[in-house]
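A quick write-up on the structure given underneath.
There are 2 protein chains.
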Amino acid sequence: MDTKQAIVARTDIGMGTGKLAAQVAHASLSAYEDADERTRKAWKGSGQKKVVLKASSESGIFELADRAEREGLAHAVIRDAGHTQLDPGTVTCLGVGPGPEETVDRVTGDLPLY
Amino acid sequence: MDTKQAIVARTDIGMGTGKLAAQVAHASLSAYEDADERTRKAWKGSGQKKVVLKASSESGIFELADRAEREGLAHAVIRDAGHTQLDPGTVTCLGVGPGPEETVDRVTGDLPLY
């Protein structure tokens, strides 16, 4: 099984580069922990394939999370604690997968690379 | 125990923003998996505190990895598979921790925020 993880990050909230990277890492780990053992192993064994994609709004993130849920994919919506830069509770990212590459692409395949 | 993870990323190899975020996420997960169960739980339970820091060379990364090793901290050096942007095997990031905040700061505390 070819597996993949996609992390979708908002472009409309002015995150700096380091902030963005930390939020993406948070989404990656949280979605990973939502995946089943077999999928985790397949994904790690094949080098943790991962893409970072852009979404332009909070509603875009929720729509994708809903689609991931309906596809049965591991996923996690990340909110910032708000100590710096953002208001507390601001949605920053969505992690989708690891999961079968085709299924992940059905959810996030139309989004541009970050 | 206050716990923390630091991810150190190279600034001298011209990674784009999405590439950087993906490499940081890779380092975060790999170092996390190198930590013991108790530390993992403490870190997740307190919101996965995470900072992204800058290093300006490969030798800087290796020096920090050695210091993390000597402090007994979980850590992981990440190399890029090199399908895009970078030469295969290029060292991109180092994940340090999760571990006790003080110990992580002894290793990475002098580095600037990304």
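Those protein sequences? They're chains U and D, same order as listed. Residue 1 is where the first sequence starts when you use the working numbering, and the numbers rise one by one after that. Residue 1001 is where the second sequence starts when you use the working numbering, and the numbers rise one by one after that. Glycine is no exception: its CB is placed at the ideal position from the N, C-alpha and C atoms.
Span separating the alpha-carbon of residue i from that of residue j
| i | j | result |
| --- | --- | --- |
| D/Met1044 | U/Thr92 | As written in the sequence, residue 1044 of chain D is Lys, which differs from the Met given in the question. In a straight line, the C-alpha of D/Lys1044 is about 18 Å away from that of U/Thr92. |
| U/Met1 | U/Arg40 | 11 Å |
| D/Gly1082 | D/Thr1090 | 7 Å |
| U/Thr3 | U/Ala31 | 13 Å |
| D/Thr1103 | U/Asp110 | 43 Å |
| D/Pro1112 | U/Ala21 | 15 Å |
| D/Val1107 | U/Leu29 | 23 Å |
| U/Ser46 | U/Glu37 | 14 Å |
| U/Ser57 | U/Arg10 | 6 Å |
| U/Lys66 | D/Val1008 | Looking at the sequence itself, residue 66 of chain U is Asp, so the reference to Lys does not match. Roughly 33 Å between the two C-alpha positions. |
| D/Glu1069 | U/Asp105 | 39 Å |
| U/Glu33 | D/Gln1005 | 17 Å |
| U/Arg79 | D/Ile1013 | 30 Å |
Cutoff 8 Å: residue i Cβ touching any chain D Cβ
| i | result |
| --- | --- |
| U/Ala22 | yes |
| U/Ala164 | As displayed, chain U neither begins before 1 nor continues past 114, which places residue 164 of chain U out of reach and without an answer. |
| U/Ala25 | yes |
Residue-chain proximity (residue i, chain U), Cβ-Cβ < 8 Å
| i | result |
| --- | --- |
| D/Ile1007 | yes |
| D/Leu1113 | yes |
| D/Ala1081 | yes |
| D/His1075 | no |
| D/Gly1014 | no |
| D/Gly1018 | yes |
Per-residue contacts from residue i into chain A (C-beta, under 8 Å)
| i | result |
| --- | --- |
| D/Gly1047 | Looking at the structure shown, chain A is missing, and the protein chains on hand are U and D. |
Cβ-Cβ separation, residue j to residue i (assumed contact under 8 Å), whole Å
| i | j | result |
| --- | --- | --- |
| D/Lys988 | D/Tyr1114 | Nothing can be reported for residue 988 of chain D: it is not among the residues displayed for chain D, which extend from 1001 to 1114. |
| At least 3 beta-carbon pairs within less than 8 Å: the stretch 1060 to 1068 of chain D vs the stretch 82 to 89 of chain U | No: fewer than three Cβ pairs fall under 8 Å.
| said: Using a Cβ distance threshold of 8 Å, determine whether the stretch 1098 to 1105 of chain D contacts the stretch 1065 to 1075 of chain D, with at least three qualifying pairs required. | reply: By the criterion of at least three beta-carbon pairs nearer than 8 Å, the stretch 1098 to 1105 of chain D is in contact with the stretch 1065 to 1075 of chain D.
| query | According to a CB-to-CB cut-off of less than 9 Å, which residues of the stretch 1051 to 1066 of chain D neighbour chain U? | reply | Along the stretch 1051 to 1066 of chain D, the positions whose C-beta sits under 9 Å from a C-beta of chain U are Val1051, Val1052, Leu1053, Lys1054, read in chain order.
| Are at least three pairs of beta-carbons, each pair with one atom in the stretch 35 to 50 of chain U and one in the stretch 1021 to 1034 of chain D, less than 8 Å apart? | Because the criterion of three Cβ pairs below 8 Å is met, the stretch 35 to 50 of chain U and the stretch 1021 to 1034 of chain D touch.
| query | Using Cβ-Cβ distances below 8 Å, what residues of the stretch 83 to 106 of chain U are close to chain D? | reply | Cβ contacts with chain D: none found.
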